[in-house]
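Novice:
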Amino acid sequence: MKKIFRHWKIIYVICCLVYIGWMIHVGGNEFDRINGQYRRLVKQLEPDRIRSAAMEELACECRKNLQHRVSPEEPDCSSLEPPVLEARVQAVAERHGRAMERGLIKLVLFYTGFVVIFLLTPIILISLLIAAIILLYKNIKFVRGPL
50 MKKIFRHWKI IYVICCLVYI GWMIHVGGNE FDRINGQYRR LVKQLEPDRI
100 RSAAMEELAC ECRKNLQHRV SPEEPDCSSL EPPVLEARVQ AVAERHGRAM
150 ERGLIKLVLF YTGFVVIFLL TPIILISLLI AAIILLYKNI KFVRGPL
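Just so we're aligned, residue 50 is where the sequence shown starts under this note's numbering, counting upward by one.
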């Protein structure tokens, strides 16, 4: 029994590695979800997608205006003016850029929080507990009483 506890550090390191692997396996779905959200945000920054989103927004606004049109002389939405379209493309690009920045911050905070809370904190607390138990065990003196 004493020989087993002589190599307690190796046993502890093996247990820590198993724990880390298990936590990464358990957190795999969350990793996939967060990474998928970030990849979708990156794809939204492609110029073709930005332009199509801007055209879609302008078409929706135009349809709303057509429903509320009072006089038939007002122009229809068959063509979009280039300055209006470019301004909307700029606005959509800024909005998607801010969303991507928020997504990157969320990604970094998730990974940092996962590492600190689930990987490092339990290992450090358990090692401190083991060190405290060993320190107490070394300082305890067993006194045998009369038989």
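Glycine included, every Cβ here is placed at the ideal spot set by N, Cα and C.
Among Leu178, Asn188, Pro132, which one has its Cα closest to the Cα of Leu107?
Specialist: Considering only alpha carbons, the answer is Pro132.
Novice: Grab the span of the alpha helix (DSSP H) containing Lys187 for me, first residue to last.
Specialist: Note, Lys187: alpha helix (DSSP H), 170-188.
Novice: On the three-state DSSP scale, how would you describe Gly194?
Specialist: If DSSP states are grouped into helix, strand and coil, Gly194 belongs with coil.
Novice: Between which residues of its own chain and Leu129 is the CB-CB distance below 6 Å, once the five residues before and five after are set aside?
Specialist: Counting only Cβ-Cβ distances below 6 Å, and skipping sequence neighbours, we find Leu107.
Novice: May I ask you to report which of helix, strand or coil DSSP gives His145?
Specialist: Three-state result, His145: helix.
Novice: If you reduce the DSSP assignment to three classes, tell me which class Gly76 lands in.
Specialist: Note: Gly76 maps to coil in three-state DSSP.
Novice: Leaving out the 5 sequence neighbours to the left and right, which residues in its chain are closer than 7 Å to Leu168 when beta-carbon positions are compared?
Specialist: Ile69, Met72, listed in sequence order.
Novice: Would a C-beta distance cut-off of 7 Å place Val138 and Arg100 closer than the cut-off?
Specialist: Yes, Cβ-Cβ distance for Val138 and Arg100 is below 7 Å.
Novice: Output the boundary residues of the alpha helix (DSSP H) element that contains Glu105.
Specialist: That run of the alpha helix (DSSP H) goes 96-116.
Novice: Cutting at 7 Å between CB atoms, please list the residues of its own chain near Leu156, excluding the five before and the five after it.
Specialist: Cβ neighbours of Leu156 beyond the five flanking positions: Ile83, Tyr87.
Novice: Using the C-alpha atoms, what's the distance from Lys187 back to Pro171?
Specialist: Roughly 24 Å between the two C-alpha positions.
Novice: Measuring CA to CA, which of Gly194, Val192, Leu185, Arg147 is closest to Val91?
Specialist: Among Gly194, Val192, Leu185, Arg147, the Cα nearest to that of Val91 is on Arg147.
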